[in-house]
Amino acid sequence: MGADSIFGVHGAALQLRSQRLTMLASNIANAATPNYKARDFDFAEALRMATGGTDTENAIGSTLGYRIPNEASLDGNTVELAAEQTIFAENAVRYRTTLSFIEGRIGTLMQALKGE
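Below, the structure written as structure tokens:
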């Protein structure tokens, strides 16, 4: 039994959410960097690709793009800090939810192995 059959879509989702947290954190860290372009990827499409056999790195790369700001900045930076923080927090909650599911699945498997 492989990890895909044990965790289903959640293994790929956890990897993608982790990568997205890193990307969003980079956007937030560069909020004051002139000409920095905020980046993000289409999570739903990347997950569809990853569960269809594409590795997560290629799935991210295929859906990666630049965020278009609501208001242009004079210094060319496209990070809108409040929006990035909101997206980061939402992704962090979803990451934790996915991790909790995986932890529960591992607990169930451990109980089965112990014969409980």
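In this text, residue positions in the sequence shown follow our numbering: the first is 1481, and each later residue adds one. Glycine is no exception: its CB is placed at the ideal position from the N, C-alpha and C atoms.
{"Asked": "Start and end residues, beta strand (DSSP E) containing G1545", "Found": "1544-1546"}
{"Asked": "Outcome for A1530 when other beta-carbon atoms lying within 10 angstroms are tallied against a minimum of 16", "Found": "buried"}
{"Asked": "Sub-8 Å separation of T1543 and A1526 beta-carbons", "Found": "yes"}
{"Asked": "Assumed close pair R1547, D1520 - CB separation to whole angstroms, cut-off 8 Å", "Found": "5 Å"}
{"Asked": "Same chain, Cβ closer than 7 Å to T1578, neighbours up to 5 away in sequence not counted", "Found": "H1490, A1493, L1494, R1497"}
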